[in-house]
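Just below is one structure, and these are the notes that go with it.
Number of protein chains: 4
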Amino acid sequence: MGTGLTESTSRLRADARRNREQIIAAAREMFLEQGTNASLEEIARRAGVGIATLYRRFPERHTLVQQVALENMALVGAELDRATAEHQDAWNALAQVIRRLVDLRVGAFMPVLALDLEEDMRSEGGVLKTRRDQLLARMEQLVRTAQQEGQLRQAITPIDIMLGIIKLSRPLPVIGAELNARLIEQQLELFLGSLHAVALDASEPLRRQRLTLDELDRYLETAE
Amino acid sequence: MGTGLTESTSRLRADARRNREQIIAAAREMFLEQGTNASLEEIARRAGVGIATLYRRFPERHTLVQQVALENMALVGAELDRATAEHQDAWNALAQVIRRLVDLRVGAFMPVLALDLEEDMRSEGGVLKTRRDQLLARMEQLVRTAQQEGQLRQAITPIDIMLGIIKLSRPLPVIGAELNARLIEQQLELFLGSLHAVALDASEPLRRQRLTLDELDRYLETAE
Amino acid sequence: MGTGLTESTSRLRADARRNREQIIAAAREMFLEQGTNASLEEIARRAGVGIATLYRRFPERHTLVQQVALENMALVGAELDRATAEHQDAWNALAQVIRRLVDLRVGAFMPVLALDLEEDMRSEGGVLKTRRDQLLARMEQLVRTAQQEGQLRQAITPIDIMLGIIKLSRPLPVIGAELNARLIEQQLELFLGSLHAVALDASEPLRRQRLTLDELDRYLETAE
Amino acid sequence: MGTGLTESTSRLRADARRNREQIIAAAREMFLEQGTNASLEEIARRAGVGIATLYRRFPERHTLVQQVALENMALVGAELDRATAEHQDAWNALAQVIRRLVDLRVGAFMPVLALDLEEDMRSEGGVLKTRRDQLLARMEQLVRTAQQEGQLRQAITPIDIMLGIIKLSRPLPVIGAELNARLIEQQLELFLGSLHAVALDASEPLRRQRLTLDELDRYLETAE
DNA sequence: TATGAATGAGGATTCATTCAT
DNA sequence: CATGAATGAATCCTCATTCAT
Numbered sequence: 001m002g003t004g005l006t007e008s009t010s011r012l013r014a015d016a017r018r019n020r021e022q023i024i025a026a027a028r029e030m031f032l033e034q035g036t037n038a039s040l041e042e043i044a045r046r047a048g049v050g051i052a053t054l055y056r057r058f059p060e061r062h063t064l065v066q067q068v069a070l071e072n073m074a075l076v077g078a079e080l081d082r083a084t085a086e087h088q089d090a091w092n093a094l095a096q097v098i099r100r101l102v103d104l105r106v107g108a109f110m111p112v113l114a115l116d117l118e119e120d121m122r123s124e125g126g127v128l129k130t131r132r133d134q135l136l137a138r139m140e141q142l143v144r145t146a147q148q149e150g151q152l153r154q155a156i157t158p159i160d161i162m163l164g165i166i167k168l169s170r171p172l173p174v175i176g177a178e179l180n181a182r183l184i185e186q187q188l189e190l191f192l193g194s195l196h197a198v199a200l201d202a203s204e205p206l207r208r209q210r211l212t213l214d215e216l217d218r219y220l221e222t223a224e
Numbered sequence: 001m002g003t004g005l006t007e008s009t010s011r012l013r014a015d016a017r018r019n020r021e022q023i024i025a026a027a028r029e030m031f032l033e034q035g036t037n038a039s040l041e042e043i044a045r046r047a048g049v050g051i052a053t054l055y056r057r058f059p060e061r062h063t064l065v066q067q068v069a070l071e072n073m074a075l076v077g078a079e080l081d082r083a084t085a086e087h088q089d090a091w092n093a094l095a096q097v098i099r100r101l102v103d104l105r106v107g108a109f110m111p112v113l114a115l116d117l118e119e120d121m122r123s124e125g126g127v128l129k130t131r132r133d134q135l136l137a138r139m140e141q142l143v144r145t146a147q148q149e150g151q152l153r154q155a156i157t158p159i160d161i162m163l164g165i166i167k168l169s170r171p172l173p174v175i176g177a178e179l180n181a182r183l184i185e186q187q188l189e190l191f192l193g194s195l196h197a198v199a200l201d202a203s204e205p206l207r208r209q210r211l212t213l214d215e216l217d218r219y220l221e222t223a224e
Numbered sequence: 001m002g003t004g005l006t007e008s009t010s011r012l013r014a015d016a017r018r019n020r021e022q023i024i025a026a027a028r029e030m031f032l033e034q035g036t037n038a039s040l041e042e043i044a045r046r047a048g049v050g051i052a053t054l055y056r057r058f059p060e061r062h063t064l065v066q067q068v069a070l071e072n073m074a075l076v077g078a079e080l081d082r083a084t085a086e087h088q089d090a091w092n093a094l095a096q097v098i099r100r101l102v103d104l105r106v107g108a109f110m111p112v113l114a115l116d117l118e119e120d121m122r123s124e125g126g127v128l129k130t131r132r133d134q135l136l137a138r139m140e141q142l143v144r145t146a147q148q149e150g151q152l153r154q155a156i157t158p159i160d161i162m163l164g165i166i167k168l169s170r171p172l173p174v175i176g177a178e179l180n181a182r183l184i185e186q187q188l189e190l191f192l193g194s195l196h197a198v199a200l201d202a203s204e205p206l207r208r209q210r211l212t213l214d215e216l217d218r219y220l221e222t223a224e
Numbered sequence: 001m002g003t004g005l006t007e008s009t010s011r012l013r014a015d016a017r018r019n020r021e022q023i024i025a026a027a028r029e030m031f032l033e034q035g036t037n038a039s040l041e042e043i044a045r046r047a048g049v050g051i052a053t054l055y056r057r058f059p060e061r062h063t064l065v066q067q068v069a070l071e072n073m074a075l076v077g078a079e080l081d082r083a084t085a086e087h088q089d090a091w092n093a094l095a096q097v098i099r100r101l102v103d104l105r106v107g108a109f110m111p112v113l114a115l116d117l118e119e120d121m122r123s124e125g126g127v128l129k130t131r132r133d134q135l136l137a138r139m140e141q142l143v144r145t146a147q148q149e150g151q152l153r154q155a156i157t158p159i160d161i162m163l164g165i166i167k168l169s170r171p172l173p174v175i176g177a178e179l180n181a182r183l184i185e186q187q188l189e190l191f192l193g194s195l196h197a198v199a200l201d202a203s204e205p206l207r208r209q210r211l212t213l214d215e216l217d218r219y220l221e222t223a224e
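Chains as they are written, first to last, in the UniProt record's numbering: chain A, 1 to 224; chain B, 1 to 224; chain C, 1 to 224; chain D, 1 to 224.
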């Protein structure tokens, strides 16, 4: 319920808060395009603020990455609530949450794994770690239930799921956010299929739009 | 057969050839550790040559990446031969080839996708493109056959497979080559499972060693 | 008496005066540790006020340096009174004043020399210059008398004395205030000896604690 | 004799060596004017080379400071030889060496004391430390002998001498090299006087040109 | 009046890339 | 051919200083 970092935020001056939000928005974009090593100066430029303003809010690159991740996690938390409310069975709830985590690219903001404890533990009471562990705990719960339901393959571990999310989320360099989005969508259902335990009919279609080679080429040409 | 870049190579002086090989070996290492944006100067250093020597052989970073990829592809070509020779059924041959491509991290050297046509077409007669298309053609053949066999899900396209290979191959930054190897291995069988059409028993184990959270943490601690 | 800056000070609101004093205290500390180029923001932080508050009181770094020096000078003025009251002979009075000036590090706050006339003349009626000239005048008086007494070497000028004080007072960077204090003490008596005219017995001890190499090393190790 | 760093230098390409020398010359100037934290970019500019060239030769600021100090020390070593050859008595030899050390501003290049062991020990086999210790050893020898001769005050330690040299050598900021030179000269003889054990006649003049207040003011005005 | 916010400028440092030997 | 030298451009980061609340 909105504790922690988010609170201190609400005491900012109006203009400062707007700046903060613009920076985070720009950062999310850039990180998704170029990875978390994207140029901070470029982020500031896109956000329409001076570089020093960015540094005032986020003294280290790490802090900025964290905040973006945190905001995403908050969203995911809400989605978890919704997914469990909307779905009777654990498998469908789990699948929906995975889709959300991938859509928000949460994994893209955890370069040294979602499991990179080191930095997080130090920083401000480990808020990020705490949040992530809450998510993980709920996910583990879903995993176990889904396996009891017989819908999730027994061999799957939460690590598999986090890793899959991270690998899916990481953007390929150079090709731009749009194509990356298309590619991620392309692979997502495949990944979900690899988790699902139900007997697959060889001919069963994937729940997605098919990406053709032609379409791919068209993206690459415009990206150039 | 054997056209293109490889040929000109054989006309190099003995020492020049040795240099070339050392550079490529060093580059492969560095690219796997740090991605294809790794410092060229550092590559030259590891190879034991001057930076200018590297530039003489590989006038652009792109050229170097290509060469590493090419060498890998040659190996994969051979593996394709072997796989089809060794396996009666297309599915098992395909699976073996995918394993090889991932093991060699071919995808890691295709930052702008294996499908990045643009640069390749310009460069020296598009050797890379040609080679890749040969591989793709053979792979498409396998895909179709495996689907006729009823072993490969109908919905799968060659693009899915290439994308999967690329995403699997890309190393996560910072955590080192060793842990990356472990993680890739971890996900590989999962990916193969997502392709396979056979009815899965929910309890069927994956063909792999399970990575535990503890083990993961141990890696991260030493990496630090 | 009591003209200039000091007066306007007394008209400040109570809290404003407290702020002013805290800033000056923090500034003295920082200047002694890091020189007069120390970060103003850090000074404000130590003083517990906002940076803008500091700027309101001291629109330029120069002003702040001046004020610290001025406060010190006031103290020294009082010491001059006391020294001449307590000592019959000019030499001992002079020596005591020099000790006080060094102890208060007056010289450390005169980066462009106590003799830097330029800035001072412009600033608020040259208060600093006036005060300093008063001190210098009294010191010159002492110098002349001490020379007539035959206790101070004839060749010595007030400039020598001011210079000596300044050079002694300036802290060496990086090594911290404590070791600097020790080193200054170490050299002070040596300096006084260089002024004194009395025939020195080669074996006469200096009035000070001897600093050994070992002790010095210990300081440096902890400072690290 | 000429071992260590100096040698590797001689294998540089002709133009590279010239650059190196220009950088060191510019650095010496700047360090004397502004201290060892002077802007490296400005040094490169004055030396007429690009900033990266400076970094190639001197990867850390520390290295550059060291080299300047080393070159000075080599000169001082030679002077030590000459001083002991030219002077029968230890006192006069010692005094001459002190004058040389101050003239070359050796102390100005030892911000954390000539005794700053830490950094030096790490760097390239501690060449600087070795050199300095050689000088110190010879100086200690002179100190002892001069005390036995009855010319040097018993209470004086080598630390006193090094400290004096350092404090004398450190330039006052802002006022430029020329005035600093004048001021140092002004105080040098005073310092030597503080060491000497002979009975001083109160009226004995110092061996130096007297600096008047008027002259000082003239310097400051032009410096502005 | 007191404050935090915002900003630009300047310095450090690293690389890709071209040149001279 | 092989090399090391030189360079500029880009980024990170810190401060002094001014503005808006």
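No residue lacks a Cβ here, since even glycine has one placed at the ideal position from N, Cα and C.
CB contact check: R122 (chain D) to chain C, cutoff 9 Å: In the fourth sequence, the residue the question calls residue 122 (chain D) occupies position 122. With a pLDDT of 49 at R122 (chain D), under the threshold of 50, the modelled position of this residue cannot be trusted, and the question is left open.
Complete runs of the beta strand (DSSP E) confined to the stretch 131-160 of chain A [at least 3 residues]: none
Any C-beta of chain D under 9 Å from that of F191 (chain C): The sequence position of residue 191 (chain C) within the third sequence is 191, counting from 1. Output row for F191 (chain C): interface = yes.
Listed by chain order, chain A residues near G164 (chain B) by CB distance under 8 Å: The count along the second sequence starts at 1 and reaches residue 164 (chain B) at position 164. Chain A residues near G164 (chain B): Q187, L190.
Exposure label - G50 (chain C); buried when at least 16 CB within 10 Å: Counted from its first residue, the third sequence places residue 50 (chain C) at position 50. By the neighbour-count rule (16 or more Cβ atoms within 10 Å), G50 (chain C) is not buried but exposed.
Identity of the residues DSSP links to H196 (chain C) by a beta bridge: Residue 196 (chain C) sits at position 196 when you count from the first residue of the third sequence. DSSP, once it has assigned bridges, lists C:L152 as partnering H196 (chain C).
Delimiting residues of the alpha helix (DSSP H) encompassing I43 (chain C): As a working mapping, residue 43 (chain C) is identified with position 43 in the third sequence. Per DSSP, I43 (chain C) belongs to the alpha helix (DSSP H) from 40-47.
Pick from D:L54, D:P158, D:G150, D:V127 that is closest to Q187 (chain C), judged by C-alpha positions: For the purposes of this step, residue 187 (chain C) is identified with residue 187 of the third sequence, where counting begins at 1. Nearest C-alpha to Q187 (chain C): D:P158.
Spatial distance of E41 (chain A) from I175 (chain A) (CA atoms): Here residue 41 (chain A) corresponds to residue number 41 of the first sequence, with the count starting at 1. Here residue 175 (chain A) corresponds to residue number 175 of the first sequence, with the count starting at 1. So the two alpha carbons sit approximately 21 Å from each other.
CB contact below 9 Å: T212 (chain B) versus chain A: The residue you call residue 212 (chain B) lines up with position 212 of the second sequence. Yes - at least one Cβ of chain A is within 9 Å of the one on T212 (chain B).
Limits of the alpha helix (DSSP H) - the one that N19 (chain C) falls within: By 1-based counting over the third sequence, the position of residue 19 (chain C) is 19. That run of the alpha helix (DSSP H) goes 14-34.
Assigned exposure category for P111 (chain B) - 16 Cβ within 10 Å defines buried: Position 111 of the second sequence, counted from the start, is the residue given in the question as residue 111 (chain B). Reliability of the predicted coordinates at P111 (chain B) is poor, the pLDDT of 49 falling under 50, and the value obtained from them is presented with this limitation in mind. With 16 or more other Cβ atoms within 10 Å, it is buried.
CB contact check: R105 (chain A) to chain B, cutoff 9 Å: What you label residue 105 (chain A) is simply residue 105 of the first sequence in a count that begins at 1. No - not a single Cβ of chain B is within 9 Å of the one on R105 (chain A).
DSSP-derived helix/strand/coil call for E60 (chain B): The residue labelled residue 60 (chain B) in the question sits at position 60 within the second sequence. Three-state DSSP puts E60 (chain B) in coil, outside helix and strand.
Under 9 Å between C-beta atoms of A108 (chain D) and L32 (chain D): Here residue 108 (chain D) corresponds to residue number 108 of the fourth sequence, with the count starting at 1. Here residue 32 (chain D) corresponds to residue number 32 of the fourth sequence, with the count starting at 1. Yes.
Contacting residues, own chain, Cβ-Cβ under 7 Å from R131 (chain D) (five flanking each side not counted): Residue 131 (chain D) sits at position 131 when you count from the first residue of the fourth sequence. If we look at R131 (chain D) and ignore the five residues flanking it on each side, its Cβ neighbours are L70, M73.
Assumed close pair A16 (chain B), A47 (chain B) - CB separation to whole angstroms, cut-off 8 Å: For the purposes of this step, residue 16 (chain B) is taken as residue 16 along the second sequence, with counting starting at 1. For the purposes of this step, residue 47 (chain B) is taken as residue 47 along the second sequence, with counting starting at 1. With 8 Å as the limit, A16 (chain B) and A47 (chain B) do not qualify as a contact, their Cβ atoms being about 13 Å apart.
Range covered by the alpha helix (DSSP H) that runs through N92 (chain A): Position 92 of the first sequence holds residue 92 (chain A). Here the alpha helix (DSSP H) through N92 (chain A) covers 90-103.
Neighbour-count burial assignment, A137 (chain C), 16 or more Cβ in a 10 Å radius: The residue given as residue 137 (chain C) occupies position 137 in the third sequence. Classification of A137 (chain C): exposed, given that the 10 Å Cβ count is below 16.
Cutoff 9 Å: N37 (chain B) Cβ touching any chain A Cβ: Locating residue 37 (chain B) in the second sequence gives position 37, where the first residue counts as 1. It does: the Cβ of N37 (chain B) has a partner Cβ on chain A nearer than 9 Å.
Proximity winner among A:S194, A:N19, A:I98, A:T145, relative to S169 (chain A) (alpha-carbon distances): Residue numbering aside, residue 169 (chain A) sits at position 169 when the first sequence is read from its first letter. Measuring from the Cα of S169 (chain A), the nearest candidate turns out to be A:I98.
Alpha-carbon spacing of A52 (chain C) relative to N37 (chain C), whole angstroms: Position 52 of the third sequence, counting from 1, holds the residue named residue 52 (chain C). Position 37 of the third sequence, counting from 1, holds the residue named residue 37 (chain C). Cα-Cα distance, rounded: 18 Å.
Rounded C-alpha distance that separates R105 (chain B) from R45 (chain D): Position 105 of the second sequence, counting from 1, holds the residue named residue 105 (chain B). Position 45 of the fourth sequence, counting from 1, holds the residue named residue 45 (chain D). Cα-Cα distance, rounded: 46 Å.
Inter-residue Cα distance where the pair is K167 (chain D) and I166 (chain C): Taking the fourth sequence and counting its residues from 1, one reaches residue 167 (chain D) at position 167. Taking the third sequence and counting its residues from 1, one reaches residue 166 (chain C) at position 166. Taking the straight line from one Cα to the other gives about 10 Å.
Secondary structure of N37 (chain D), DSSP reduced to three states: To locate residue 37 (chain D), count along the fourth sequence from 1; it is residue 37. Three-state DSSP puts N37 (chain D) in coil, outside helix and strand.
Residues near M121 (chain A) by beta carbon distance below 7 Å, same chain, minus five either side: To locate residue 121 (chain A), count along the first sequence from 1; it is residue 121. Its pLDDT being 45, under 50, M121 (chain A) is placed unreliably by the model, and nothing is read from it.
Cross-chain neighbours of L183 (chain B) in chain A, by beta carbon under 7 Å: Position 183 of the second sequence, counting from 1, holds the residue named residue 183 (chain B). Per Cβ cutoff of 7 Å: L163.
Exposure label - E189 (chain B); buried when at least 16 CB within 10 Å: In the second sequence, residue 189 (chain B) corresponds to position 189, counting from 1. So E189 (chain B) ends up on the buried side.
Helix, strand or coil at T53 (chain C) according to DSSP, with G and I counted as helix: The count along the third sequence starts at 1 and reaches residue 53 (chain C) at position 53. Looking at T53 (chain C) - three-state DSSP - the assignment turns out to be helix.
Neighbouring residues, chain B, relative to V133 (chain A) (Cβ below 7 Å): Residue mapping note: residue 133 (chain A) aligns to position 133 of the first sequence, counting from 1. Correcting the residue identity first, residue 133 (chain A) is Asp in this sequence and not Val. Those within 7 Å of D133 (chain A) in chain B number zero; the least Cβ separation is about 11 Å.
Cβ pair L172 (chain C), L183 (chain D) closer than 9 Å: Taking the first residue of the third sequence as 1, we reach residue 172 (chain C) at position 172. Taking the first residue of the fourth sequence as 1, we reach residue 183 (chain D) at position 183. Not a contact, by the Cβ cut-off of 9 Å.
I156 (chain B) versus Q22 (chain A) - alpha carbon distance: Looking up residue 156 (chain B) in the second sequence gives position 156. Looking up residue 22 (chain A) in the first sequence gives position 22. Their Cα atoms are separated by approximately 40 Å.
For I43 (chain D) and L64 (chain D), the rounded distance between their alpha carbons: For the purposes of this step, residue 64 (chain D) is identified with residue 64 of the fourth sequence, where counting begins at 1. For the purposes of this step, residue 43 (chain D) is identified with residue 43 of the fourth sequence, where counting begins at 1. Going from the Cα of L64 (chain D) to the Cα of I43 (chain D) covers about 11 Å.
Chain C contact residues for D160 (chain D), given Cβ-Cβ distances below 8 Å: Position 160 of the fourth sequence, counted from the first residue, corresponds to residue 160 (chain D). In chain order: Q186, Q187, L190.
Under 9 Å from the C-beta of K129 (chain B): neighbouring residues of chain A: Numbered from its first residue, the second sequence carries residue 129 (chain B) at position 129. Chain A residues near K129 (chain B): none, gap ~12 Å exceeds 9 Å.
Per-residue contacts from L168 (chain A) into chain B (C-beta, under 8 Å): Here residue 168 (chain A) refers to the residue found at position 168 of the first sequence. Per Cβ cutoff of 8 Å: K167.
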